[in-house]
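FYI, in this note's numbering the residues of the sequence shown are 9 to 163.
The structure appears right after this line, and notes come after that.
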Amino acid sequence: MARTNVMSTKVILVALAASVLIALSSIATYAFIVNDKSAEFSVFARGSVDSRAHFMNLDKFVITIDGEERTHYLMLELALKTNSAKAHDQLIEFKPLARNVLLKMFSQSTFEELRQMNEIDRLQTEVLGQLRQAMAVNGYAYQIEDALFTKLVLQ
Numbered sequence: 009m010a011r012t013n014v015m016s017t018k019v020i021l022v023a024l025a026a027s028v029l030i031a032l033s034s035i036a037t038y039a040f041i042v043n044d045k046s047a048e049f050s051v052f053a054r055g056s057v058d059s060r061a062h063f064m065n066l067d068k069f070v071i072t073i074d075g076e077e078r079t080h081y082l083m084l085e086l087a088l089k090t091n092s093a094k095a096h097d098q099l100i101e102f103k104p105l106a107r108n109v110l111l112k113m114f115s116q117s118t119f120e121e122l123r124q125m126n127e128i129d130r131l132q133t134e135v136l137g138q139l140r141q142a143m144a145v146n147g148y149a150y151q152i153e154d155a156l157f158t159k160l161v162l163q
């Protein structure tokens, strides 16, 4: 009888130890999944981190450009990149300001200046700087990450 009690006690201790190990393993797995950034789309993840790029397209617009002999036209399509949905949503509200900045910037250029500008990267950097400055002055609370020319025609 004493031997049966010792065996029962051992079985209970083994079962208890196994239960504790299973519980600890479950807790550790849960903690790993919740803190793992690659588990963004997991059913176990609490909330997804909005780390993807968001783009806001500015509608095509045409700007009149002065030339030495005649008037020229610049057709421009642009997309602005932000890194959060909140920044994108607020950027939509600032769309008229962005268009105004671009119209002012390009309408002050001459055809000859724009034609000689072979570096799109430099022009994009200038556009981005002008937009960031104007947006910040007018209360845009986020950062525009990039200004991407999707179409640029000068004639």
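Every residue, glycine too, gets a C-beta built ideally from N, C-alpha and C.
| Cβ-Cβ separation, Y150 to K103 (assumed contact under 8 angstroms), whole Å | Incorrect: roughly 14 angstroms between the Cβ atoms, too far for contact.
| field | Test item: CB-CB of I35 and L88 under 7 angstroms | value | If you check the CB distance, I35 and L88 do not come in under 7 angstroms.
| task | Report the option in L66, S27, G75, V19 whose CA atom is closest to the CA atom of L162. | result | Looking at the Cα atoms, G75 is the closest of the given residues.
| Buried/exposed call for T118, threshold 16 Cβ in 10 Å | Counting C-beta atoms within 10 angstroms of its own C-beta, T118 has fewer than 16 neighbours from the protein chains shown and is therefore classed as exposed.
| task | From the DSSP output, in three-state form, read off F157 for me. | result | Strand.
| field | Distance between N108 and E127 (C-alpha atoms, nearest Å) | value | Separation of E127 and N108 (C-alpha to C-alpha, rounded to the nearest whole angstrom) is 23 angstroms.
| field | N65 - containing beta strand (DSSP E), residue span | value | Segment 62 to 74, the beta strand (DSSP E) holding N65.
| message | For T118, report the span of its alpha helix (DSSP H) as first-last. | response | Per DSSP, T118 lies in no alpha helix (DSSP H) segment and is marked neither H nor E.
| query | In angstroms, rounded to a whole number, what distance separates the CA positions of R123 and D154? | reply | Cα to Cα, R123 sits roughly 23 angstroms from D154.
| N- and C-terminal bounds of the alpha helix (DSSP H) containing E101 | Boundaries of the alpha helix (DSSP H) harbouring E101: 93 to 101, taken from the DSSP string.
| Once you ignore the five residues that flank S115 on each side, which residues in its own chain have a CB closer than 6 angstroms to its CB? | Excluding positions up to five away in sequence, the list reads I71.
| Nearest residue (CA-CA) to I100, options S16, H62, K159, T17 | Closest option to I100, Cα to Cα, is H62.
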